[in-house]
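Q: Dropping a structure here in structure tokens format, bear with me for questions.
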Amino acid sequence: MTCGAMRGETIFRCAGQNVELTNLGGASVRSRIAFTPAQRVALAANGNLQRVLSAYHNERVTIRVLSHERESLGLWRRRVVLELADRPACVARSSVVARTRTAIEEASKGGGLGQLFSELGGKQEFSLLEVARAETTFSRVYVLSNAHLVCHIEE
Numbered sequence: 000m001t002c003g004a005m006r007g008e009t010i011f012r013c014a015g016q017n018v019e020l021t022n023l024g025g026a027s028v029r030s031r032i033a034f035t036p037a038q039r040v041a042l043a044a045n046g047n048l049q050r051v052l053s054a055y056h057n058e059r060v061t062i063r064v065l066s067h068e069r070e071s072l073g074l075w076r077r078r079v080v081l082e083l084a085d086r087p088a089c090v091a092r093s094s095v096v097a098r099t100r101t102a103i104e105e106a107s108k109g110g111g112l113g114q115l116f117s118e119l120g121g122k123q124e125f126s127l128l129e130v131a132r133a134e135t136t137f138s139r140v141y142v143l144s145n146a147h148l149v150c151h152i153e154e
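Dropping the structure here:
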């Protein structure tokens with residue numbers, strides 16, 4: 000694995016490698032910064048953050064699409080808010096690349112990416128690229144992909 004600590008707010012960056020987050024107590028993350036239990040739960044999500052947040056808070060989490068713009072055939076730029084009890088819980092920006100005609104048709108409808116992957120079938124692969132932290136917030140960058148879609152997501 001080629002992950003390393005970075006300066007500034009970036010906790011770690013991984014170049015195209017899958018990262019196992021089931022043990023956030025590993026030296027490369029925990030020695031640099033402590034995450035709260037809720038943050039560790041969110042970091043462990045692998046394309047199912049809506050479901051994980053809903054289970055953790057025992058509340059319904061909805062997706063509000065702020066923008067879903069087609070840039071070219073098979074490419075969309077999106078911005079969504081995950082809302083918990085009608086309050087913003089997470090803002091996400093993504094690029095969605097559809098690899099098949101079916102994916103193009105489904106992606107053009109908008110909605111949540113988790114629902115899109117479910118509609119298209121097949122398990123998606125998850126690759127965490129970066130985790131960064133500010134004083135009161137944190138963010139992550141990752142890729143979800145399968146035979147139909149490639150999604151680059153910043154939350």
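Sequential numbering of the sequence shown, starting at 0, is according to numbering that gives the first Met the number 0.
Beta carbons: idealized from backbone N, C-alpha and C, even for Gly.
Among residues of its own chain, excluding the 5 on either side of residue 73, which ones have a beta-carbon nearer than 7 angstroms to its beta-carbon?
A: 96, 97, 103
Q: Do the region 33-40 and the region 57-72 make contact, defined as three or more Cβ pairs closer than 8 angstroms?
A: no
Q: How about residue 86: is its C-beta nearer than 8 angstroms to some C-beta of chain D?
A: Absence of chain D from the displayed structure is noted, only one protein chain being present.
Q: Terminal residues of the continuous alpha helix (DSSP H) containing residue 105?
A: 100-106
Q: Along the beta strand (DSSP E) that carries residue 153, what are the first and last residues, could you check?
A: 148-153
Q: Going by beta carbon distance, what residues of the same chain come within less than 6 angstroms of residue 142, once the five residues before and after it are set aside?
A: So the list reads 126, 151, once near-sequence residues are dropped.
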